[in-house]
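In numbering that gives the first Met the number 0, the protein residues as written are 0 to 343. Every residue gets a Cβ at the ideal spot worked out from N, C-alpha and C, and that includes glycine. Computed from a prediction, not measured in an experiment: that's the story for all the values here. Written below as structure tokens is the structure these notes are about.
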Amino acid sequence: MKALWRSNSGWSVGEQNSPSVSMCGERAGLSQTMIPKIEWPNGKQFAFTIFDDPDFDTAENVATIYSFLRDLGFRTTKAVWPVRGNGTPTIGGATCEDEQYLKWILNLKDQGFEIALHNVTYHTSTREETARGIKTFHRLFGHYPHSMANHVGCDEGVYWGNARLSGLQKIVYDVLHFGRRNVHQGHVETSPFFWGDLCRQNIEYVRNFSYGDINTLKACPVMPYRDPARPYVNYWFAASEGPRVESFNDRICEVNQDRLMSEGGACIMYTHLAAGFVEGGKINRRFKSLMERLSSMNGWFVPVHTLLDFIQQVRGEHTITRAERTALERKWLKYKILHTNGRS
0 MKALWRSNSG WSVGEQNSPS VSMCGERAGL SQTMIPKIEW PNGKQFAFTI FDDPDFDTAE
60 NVATIYSFLR DLGFRTTKAV WPVRGNGTPT IGGATCEDEQ YLKWILNLKD QGFEIALHNV
120 TYHTSTREET ARGIKTFHRL FGHYPHSMAN HVGCDEGVYW GNARLSGLQK IVYDVLHFGR
180 RNVHQGHVET SPFFWGDLCR QNIEYVRNFS YGDINTLKAC PVMPYRDPAR PYVNYWFAAS
240 EGPRVESFND RICEVNQDRL MSEGGACIMY THLAAGFVEG GKINRRFKSL MERLSSMNGW
300 FVPVHTLLDF IQQVRGEHTI TRAERTALER KWLKYKILHT NGRS
């Protein structure tokens with residue numbers, strides 16, 4: 000029986016490489032969830048991609064990394080800020096109003112990289128500013144963002160901070176973050192920062208939890224998923240955490256690469272490629288050798304939205320249950336408490 004699958008070049012029809020799915024239990028993951036064992040396109044044994052935020056970006060400091068990734072055959076996802084803010088960011092970087100940076104980003108898009116959103120700029124934006132930023136994104140790239148991630152310190156975060164959690168998990172989160180500012184109102188209809196309806200209209204996938212497992216699909220087997228309690232996001236996805244070069248390298252070490260392949264899994268690395276991956280014009284030696292090794296393995300290296308589209312096409316649309324959501328939240332909180340001191 001023929002089926003459709005999607006690659007960088009679009010949807011194709013095939014028999015031998017058609018997507019199929021079998022289900023197997025996972026004791027270490029969500030106890031009530033079955034993990035999809037996916038047959039990846041073209042006989043690939045696993046999937047790997049990166050979601051890279053623009054934090055710390057300049058027009059120069061990430062170009063070397065992307066040339067390296069391109070030459071190895073990776074096509075990943077680069078998030079941007081389409082407009083320059085007027086305020087002071089918690090963490091800043093280049094925006095698409097930087098002519099040289101925009102030229103480079105457009106070149107990335109032409110090479111097959113996905114351009115995504117990291118809020119519309121590097122600090123809090125009102126609804127009107129967010130709407131303008133989304134329109135600017137469409138004007139620059141010819142489409143609305145397929146995927147996005149909330150940026151730290153932006154009050155218009157959609158279901159961010161303690162709004163990511165429910166029940167007891169929300170209480171624990173608030174205790175961990177006692178005394179810290181926690182204003183995230185992108186989903187609050189009465190707020191001047193509300194833009195949830197625009198998110199739902201224009202963006203398909205939004206990142207939520209990050210875990211310490213290279214196999215993101217094992218950590219979050221229900222992704223991409225709808226959450227009835229958070230209706231302004233169409234679909235949520237998870238990620239494997241590696242915000243800086245040291246943690247990224249730890250996550251994709253040789254043993255983990257081999258396990259990802261043996262499990263037939265999928266990894267979405269969440270990171271900031273401007274955070275120490277290149278120093279003195281040279282790519283971090285450990286990162287370079289790990290990525291070269293990974294590229295030589297039989298993996299499917301596509302952007303985030305292509306990967307999520309494929310998983311959903313194989314499995315069908317999934318609406319998360321209360322039990323599944325509770326399991327994801329508790330797993331995330333445990334990871335944060337043990338490994339990141341509660342950092343979001």
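- Task: Count the C-beta pairs between the stretch 154-163 and the stretch 77-97 that are closer than 8 Å, then say yes if the count reaches three, no if not.
- Result: In this structure the stretch 154-163 does not touch the stretch 77-97; the number of beta carbon pairs closer than 8 Å is below three.
- Indicate whether GLY132 and GLY156 have their beta-carbon atoms separated by less than 7 Å. Taking 7 Å as the Cβ cut-off, GLY132 and GLY156 do not qualify as a contacting pair.
- Rounded straight-line distance, which links the Cα of HIS142 to that of ALA326: Answer to the nearest angstrom: the Cα atoms are 35 Å apart.
- Message: Let me check understanding here. Comparing Cα to Cα, which of CYS266, ASN106, LYS335 lies closest to ILE310?
- Response: For the residues CYS266, ASN106, LYS335, the minimum Cα distance to ILE310 belongs to CYS266.
- Message: Going by C-alpha to C-alpha distance, which of ILE336, SER295, ARG321, ARG229 sits closest to LYS43?
- Response: Per the Cα distances, SER295.
- Express the C-alpha separation of VAL232 and SER11 in angstroms, rounding to a whole number. Any answer about SER11 is weak, because its pLDDT of 36 lies below 50 and its placement is not dependable; what the coordinates show is given next. Going by C-alpha positions, SER11 is about 28 Å away from VAL232.
- Between which two residues does the beta strand (DSSP E) harbouring GLU356 extend? The first residue shown for the chain is 0 and the last is 343, placing residue 356 beyond what the model contains.
- Proximity to LEU105 [Cα-Cα], best of PHE136, ASN181, HIS271: Among PHE136, ASN181, HIS271, the Cα nearest to that of LEU105 belongs to PHE136.
- Rounded to a whole number of angstroms, what is the C-alpha to C-alpha distance between PHE73 and TRP80? C-alpha separation (whole angstroms): 22 Å.
- Message: Going by DSSP in three states, ALA326 sits in which element: helix, strand or coil?
- Response: ALA326 sits in a helix when the DSSP states are folded into three classes.
- Message: Between which residues of its own chain and GLN312 is the CB-CB distance below 6 Å, once the five residues before and five after are set aside?
- Response: Cβ-Cβ distances below 6 Å link GLN312 to nothing in the same chain once the five nearest sequence neighbours on each side are left out.
- Item | Selected residue, minimal CA-CA separation from THR270, among ALA238, ASP70, SER261 | Of the candidates ALA238, ASP70, SER261, ALA238 places its Cα closest to the Cα of THR270.
- Could you tell me whether any non-hydrogen atom of the ligand GDP is closer than 6 Å to the CB of HIS176? You won't find the ligand GDP in this model; it holds no ligand whatsoever.
- Query: Around the C-beta of PRO230, are 16 or more other C-beta atoms found within 10 angstroms, so that it is buried, or is it exposed?
  - Reply: Exposed is the call here.
- Beta-carbon contacts of LEU216 that lie in its chain and below 6 Å, excluding the five residues immediately before and after: Once the five neighbours on either side are set aside, the close Cβ partners of LEU216 are GLY264, ALA265.
- Task: Give the straight-line distance between the Cα atoms of PHE67 and VAL174, rounded to the nearest whole angstrom.
- Result: Cα to Cα, the separation comes out at about 42 Å.
- Does the distance from the CB of ILE64 to the CB of LEU293 come in under 7 Å? Not closer than 7 Å, so no.
- Could you give the C-beta distance for ASP226 and ALA218, rounded to a whole number, given that I count them as a contact under 8 Å? Not confirmed; about 17 Å, so no contact.
- Going by Cα to Cα distance, which pick from GLY152, GLY111, LEU107 is closest to THR123? Of the candidates GLY152, GLY111, LEU107, the one whose C-alpha sits nearest the C-alpha of THR123 is GLY152.
- Query: What's the call for MET22, buried or exposed, on a 16-neighbour Cβ count within 10 Å?
  - Reply: Note that MET22 scores 31 on pLDDT, short of 50, meaning its location in the model is unreliable and no value can be drawn from it.
- Using a threshold of 7 Å, state whether the C-beta atoms of PHE45 and LEU259 are closer than that. Between PHE45 and LEU259, the C-beta spacing is below 7 Å.
- Query: The beta strand (DSSP E) with ALA115 in it runs from where to where?
  - Reply: From DSSP, the beta strand (DSSP E) with ALA115 extends over 113-116.
- Of all the options LYS134, PHE140, GLY86, ARG83, which has the alpha carbon lying nearest to the alpha carbon of LEU107? Closest in C-alpha terms to LEU107, from the list LYS134, PHE140, GLY86, ARG83, comes PHE140.
- Query: What is the DSSP secondary structure of GLU127, reduced to helix, strand or coil?
  - Reply: Correct three-state label for GLU127: helix.
- Message: Looking at the secondary structure, which residues open and close the alpha helix (DSSP H) in which PHE309 lies?
- Response: Taken as a continuous stretch (DSSP letters only), the alpha helix (DSSP H) holding PHE309 covers 303-314.
- Query: What alpha helix (DSSP H) runs, 4 residues minimum, are completely inside the stretch 83-111?
  - Reply: Every alpha helix (DSSP H) stretch that sits fully inside the stretch 83-111 and reaches 4 residues is listed by chain position as 98-109.
- Would you list the one or two residues that DSSP bridges to GLU278? Under DSSP, GLU278 takes part in a beta bridge, and its partners are LYS281.
- Report the option in GLY275, GLN200, VAL254 whose CA atom is closest to the CA atom of THR57. Taking only the C-alpha atoms, the option nearest THR57 is GLY275.
- Using alpha carbons as the reference points, say which of ILE319, CYS252, ASN297 lies closest to LYS287. Of ILE319, CYS252, ASN297, the smallest CA-CA separation from LYS287 is found for CYS252.
- Task: Output the distance between the C-alpha atoms of LYS102 and ASN207, rounded to the nearest integer angstrom.
- Result: As the crow flies, the alpha-carbon of LYS102 is around 30 Å from that of ASN207.
- Query: Quick one: what does DSSP say MET222 is sitting in, helix, strand or coil?
  - Reply: Look at MET222 here: in three-state DSSP terms it is coil, with no helix or strand label.
- Message: Bridge partners for TYR158 per DSSP, in chain order?
- Response: Answer is none; TYR158 lacks a bridge partner.
- How would you label ASP318, buried or exposed, when you count the other beta carbons within 10 angstroms and need 16 or more for buried? Per the sequence shown, the amino acid found at residue 318 is Thr instead of Asp. THR318 is exposed by the Cβ-count criterion.
- Thinking C-beta only, is ILE49 closer than 7 Å to THR75? Cβ atoms of THR75 and ILE49: closer than 7 Å.
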